[in-house]
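Beneath this line is the structure, given in structure tokens, with notes to follow.
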Amino acid sequence: MARFFEIVELSNGDIALRRVDEDGDALVRIHFSEDAKASLIDHHVDVARVMLEAGVRMVSELSGFEMDSEDFEPTEPSYRVH
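Letter by letter, the sequence shown follows residues 54 to 135 in this note's numbering.
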């Protein structure tokens, strides 16, 4: 069974990757300082998404699973705020 992940912005401003079907802790959290957020001009979620996608791709390559480029082509916003 395929596992699906979601990228969420937590109430403290961190960006997290977690499994869609579970309400548990995030698998990964990314924290940007206020200075970093200011320098990214409100694009910190996009930067975090790219960082998380790169990590997921690396894990899939190391495990022998090949991903297509369209695996990360969202049809709607790829994150939600919690």
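Glycine residues also receive a C-beta, built at the ideal position from the N, C-alpha and C atoms.
Counted within 10 angstroms of its Cβ, other Cβ atoms place residue i as buried (16 or more) or exposed
{"i": "V61", "result": "buried"}
{"i": "A91", "result": "exposed"}
{"i": "V98", "result": "buried"}
{"i": "A101", "result": "buried"}
{"i": "R72", "result": "exposed"}
Distance CB(residue i)-CB(residue j) smaller than 8 Å
{"i": "I83", "j": "D67", "result": "yes"}
{"i": "V81", "j": "A89", "result": "no"}
Among the options, the one whose alpha carbon lies nearest that of residue i
{"i": "E59", "options": "D88, L105 and R110", "result": "L105"}
{"i": "E87", "options": "G108, N65, F57 and G77", "result": "N65"}
{"i": "D139", "options": "F57, R110 and V103", "result": "The structure shown does not extend to residue 139, since the chain is modelled only from 54 to 135, so the question has no answer here."}
Checklist entry - Fully enclosed by the stretch 54–92, which beta strand (DSSP E) runs are 3 residues long or longer? => result 58–62, 68–72 and 81–83
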